[in-house]
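Peer 1: When you line the sequence shown up against full-length UniProt numbering, it's residues 1 to 200, in that order.
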Amino acid sequence: MAVIARDNVTGLIYAGGRATRMGGVDKGLELFRGRPLIEAVIDRLKPQCASIVISANRNLERYAAWGYPVVRDLDDAFAGPLAALAAAGAQSVVMTEWVLTAPCDAPFFPKDLMERFRRAQERSLQEGRDPDAFIAKGERPQNAFACLRSKCLLSAGSFLALGRRRLGWWYSELHAETVQMPDESAFANLNTLDELKAAE
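Following this line, the structure appears as structure tokens:
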């Protein structure tokens with residue numbers, strides 16, 4: 001039962017949504033402070049993990065230009081983060097024991113997010129537990145921000161096959177532990193073009 005180490009973590013960025021509240025644009029490629037929004041997420045994620053994978057369903061070549069593997073959902077249903085996790089598992093792009101997830105529209109998440117999850121895991125191990133997943137939580141769970149064992153990815157596909165798309169339900173089945181995050185505003189998503197502009 002080893003404590004999570006940075007070189008055993010892959011960062012997975014969710015960039016495969018429809019972005020309906022943004023008018024259907026490819027959200028990760030929208031400009032934020034003069035650069036594509038996803039770059040702000042990459043900048044925060046890269047120091048916290050050994051490698052990065054991008055989940056996208058459009059503009060795959062543009063996302064691939066960042067030099068990271070790009071995985072597309074296994075179908076065209078746009079089934080959300082759970083579909084991204086299932087695709088990452090099916091396409092064997094994760095070579096580490098752990099996966100750290102973050103959405104492409106949250107450029108302010110903590111620079112020490114992985115360290116917070118690591119400390120939470122260390123506490124759990126000291127108390128005799130060895131959870132497969134940890135979820136960030138403020139006033140409510142922030143399910144898009146999680147740290148989970150990569151062996152869980154294959155079960156995401158089985159869960160989807162049952163018609164269940166909610167990430168929270170899947171994490172419940174994994175008996176994921178929540179990790180309290182006092183700075184909830186850091187996990188804010190930029191869901192509209194107005195929010196994107198205001199955040200600049």
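Yeah, the Cβ is synthetic: ideal placement off N, Cα and C, and Gly gets one too.
Since this is a predicted model, take the numbers as computed values, not measurements.
At what residues does the beta strand (DSSP E) containing Gln91 begin and finish?
Peer 2: Numbered from its first residue, the sequence shown carries residue 91 at position 91. From DSSP, Gln91 is part of no beta strand (DSSP E); its letter is neither H nor E.
Peer 1: Take every Cβ of the stretch 38–58, pair it with every Cβ of the stretch 98–115, and state whether three or more of those distances are shorter than 8 Å.
Peer 2: yes
Peer 1: Return the residue from the list Ala5, Glu139, Ala161 that minimises the CA-CA distance to Ser185.
Peer 2: Looking up residue 185 in the sequence shown gives position 185. Of Ala5, Glu139, Ala161, the residue nearest in Cα terms is Glu139.
Peer 1: Thinking just about the alpha-carbon of each residue, which of Leu160, Ala199, Asn189, Asn191 is nearest to the one in Phe78?
Peer 2: Counted from its first residue, the sequence shown places residue 78 at position 78. It is Leu160.
Peer 1: Using the Cα positions of Ala133 and Ala65, report the straight-line distance between them to the nearest angstrom.
Peer 2: The residue given as residue 133 occupies position 133 in the sequence shown. The residue given as residue 65 occupies position 65 in the sequence shown. About 30 Å.
Peer 1: If you follow the beta strand (DSSP E) that Trp98 is part of, which residue opens it and which one closes it?
Peer 2: In the sequence shown, the residue the question calls residue 98 occupies position 98. From DSSP, the beta strand (DSSP E) with Trp98 extends over 98–103.
Peer 1: Please give the ranges of any beta strand (DSSP E) in the stretch 107–158, keeping only runs that are unbroken, at least 3 residues long and fully inside the region.
Peer 2: 133–137, 141–149
Peer 1: For Leu60 and Pro182, what's the separation of their Cα atoms in angstroms?
Peer 2: As a position in the sequence shown, residue 60 is number 60, starting the count at 1. As a position in the sequence shown, residue 182 is number 182, starting the count at 1. If you take the alpha carbons of Leu60 and Pro182, they lie about 35 Å apart.
Peer 1: Assuming Leu100 contacts Gln48 under a Cβ cut-off of 8 Å, what Cβ separation, rounded to an integer in Å, is found between them?
Peer 2: Position 100 of the sequence shown, counting from 1, holds the residue named residue 100. Position 48 of the sequence shown, counting from 1, holds the residue named residue 48. The pair is a contact, with the Cβ atoms about 6 Å apart (cut-off 8 Å).
Peer 1: Report the CB separation of Phe145 from Phe187 in whole angstroms; it is logged as a contact under 8 Å.
Peer 2: For the purposes of this step, residue 145 is taken as the residue at position 145 of the sequence shown. For the purposes of this step, residue 187 is taken as the residue at position 187 of the sequence shown. Contact holds; Cβ gap of about 6 Å.
Peer 1: Based on Cα-Cα distance, which residue from Val94, Glu122, Leu196 lies nearest to Lys151?
Peer 2: In the sequence shown, counting from the first residue as 1, residue 151 sits at position 151. Comparing Cα-Cα distances from Lys151 to each of Val94, Glu122, Leu196, the minimum goes to Val94.
Peer 1: Per DSSP, Gln180 forms a beta bridge with which residues?
Peer 2: Position 180 of the sequence shown, counted from the start, is the residue given in the question as residue 180. Gln180 is bridged to Lys137.
Peer 1: Would you mind working out which of Arg164, Gln142, Glu200 sits nearest Glu177, comparing C-alpha positions?
Peer 2: As a working mapping, residue 177 is identified with position 177 in the sequence shown. Of the candidates Arg164, Gln142, Glu200, the one whose C-alpha sits nearest the C-alpha of Glu177 is Gln142.
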